[in-house]
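Colleague: Residue numbering for the sequence shown is 377 to 459, as defined by the numbering used here.
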Amino acid sequence: MALDYNLVTDIRHREGFEKGFEKGFNDGFSKGYKKHTRLVVKNLLSQTELKPEQIATVAGVALEVVEKLKGDLKKQKGAKVKK
377 MALDYNLVTD IRHREGFEKG FEKGFNDGFS KGYKKHTRLV VKNLLSQTEL KPEQIATVAG
437 VALEVVEKLK GDLKKQKGAK VKK
């Protein structure tokens, strides 16, 4: 029994479309989430009475903490893979 060329092409096209749609949705969601997070942080900072220098210091410390957490997560993932 031979496969219908149009059917096979249609299935491949549909799979490609679904993958592309999923990637586009994930990318769009990620960008929207980041934008929303930035707005929330900006609004919170505008409600505080911190000077710009103090905000910069807080942001610097926060970045250091985030980098440390990322490193710790990579170590944990690496330890799990080695087992």
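Even for Gly, the Cβ is constructed at its ideal location relative to N, Cα and C. The structure presented is a predicted model; accordingly, all values stated were derived computationally and were not measured.
Between 446, 434, 452, which has its C-alpha nearest residue 417's C-alpha?
Modeller: Looking at the Cα atoms, 434 is the closest of the given residues.
Colleague: Can you find the residues in the same chain that come closer than 8 Å, C-beta to C-beta, to residue 420, ignoring five residues on each side of it along the sequence?
Modeller: Closer than 8 Å at the Cβ level, and outside the excluded window around residue 420, lies no residue.
Colleague: Given this structure, state the Cα-to-Cα distance separating residue 398 from residue 447, to the nearest angstrom.
Modeller: If you take the alpha carbons of residue 398 and residue 447, they lie about 29 Å apart.
Colleague: Taking the C-alpha atoms as reference points, what is the distance between residue 408 and residue 454?
Modeller: So the two alpha carbons sit approximately 30 Å from each other.
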